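Everything in the sequence shown is counted per this note's numbering, starting at 1 for the first residue and increasing by one.
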Amino acid sequence: MVDSLIRRQLSQHLRQLVTGRATNDQFDDWYCEHYAHSADRAVQAISGFGYGLFSSDLLWPYRLRGIHAVDKETRRTAARCVLFLRSSLEYEWPESPDSPIGGCLKGLALFLGLPLGIVLTLLSLALIVPKDHSLAMMLGLGGAALMLLAIWLSWFWSPCAAAHREWCRSGDYDAWPFLRRADLDRARGGKVA
1 MVDSLIRRQL
11 SQHLRQLVTG
21 RATNDQFDDW
31 YCEHYAHSAD
41 RAVQAISGFG
51 YGLFSSDLLW
61 PYRLRGIHAV
71 DKETRRTAAR
81 CVLFLRSSLE
91 YEWPESPDSP
101 IGGCLKGLAL
111 FLGLPLGIVL
121 TLLSLALIVP
131 KDHSLAMMLG
141 LGGAALMLLA
151 IWLSWFWSPC
161 AAAHREWCRS
171 GDYDAWPFLR
181 RADLDRARGG
191 KVA
């Protein structure tokens, strides 16, 4: 389903976000109120892309300028998104693979496992001084193992890596949100209905 009105609105809001004319809080509100549950799959996917460009966890609103500015490749992707939103093409990409369990494990590893591993390692170093070597060695090995596991889970392990690779092969990933490069080329030439 193509909802031309909501697509036009999202294209303006996405441009405002990427160029720093809208704050993260403004886009967050637009996303939650209008786009996240749209019947138009393109609106859902592209607004999700925009939502992923900033953090909603900061206490104050900010704009994607200066240190928060997006890189050139992200700007190119945003420009393709605006071009797609102005077309009447259906969004043909399959549903994106999602792994909430994997995301939770990565978050726990990064924000709980890594600090705990560091603390255990530091405790082991403190116990070397009073010559309690067996406890120091257990804590040190446990801390090092926990840190390595946390790093591996956070940066290298992905339960949906294969599903994500398969999703990327569903179309021309460099043309996203267009499924095919030919559709993108036609849209750039103004020939897309």
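C-beta atoms are modelled at their ideal positions from N, C-alpha and C, and glycine is treated no differently.
Quick caveat: nothing in here was measured; it's all calculated off a predicted structure.
Meets three-Cβ-pair contact criterion under 8 Å: the region 30-44 and the region 121-130: no
So is ASP71 buried or exposed if we call it buried at 16+ other beta carbons inside 10 Å? exposed
What does a CB cutoff of less than 7 Å around TYR91 pick up in its chain, not counting 5 residues either side in sequence? ARG41, ALA42, ALA45 and PRO177
Look at ASN24 and SER4 and say whether their C-beta atoms are less than 8 Å apart. no
What does the Cβ neighbour count give for HIS13, buried or exposed, with the cut at 16 atoms within 10 Å? buried
Grouping DSSP H, G and I as helix and E and B as strand, with all else coil, what is THR19? coil
Rounded to whole angstroms, what is the Cα-Cα separation between PHE111 and SER87? 42 Å
In three-state DSSP terms, what is ARG65? coil
Of the residues TYR62, GLY113 and ASP57, which one's Cα is nearest the Cα of GLN16? TYR62
Check for me: the alpha helix (DSSP H) holding LEU146 runs from which residue to which? 133-151
Hey, SER124 and GLY140: beta-carbon distance below 8 Å or not? yes
Identify the continuous alpha helix (DSSP H) that holds CYS32 and give its terminal residues. Run containing CYS32: none; DSSP gives neither H nor E here.
If you drop the 5 nearest sequence neighbours on each side, which residues of the same chain put their C-beta closer than 6 Å to that of HIS68? TYR62
Please go through the same chain and pick out, in chain order, the residues whose beta-carbon is closer than 8 Å to the beta-carbon of MET137, but skip the five residues on each side of it. SER124
Boundaries of the alpha helix (DSSP H) in which ASP183 is found, first to last residue: 181-188
Within 7 Å: the Cβ of PHE49 and any heavy atom of the ligand MG? The ligand MG is not part of this structure, which contains no ligands at all.
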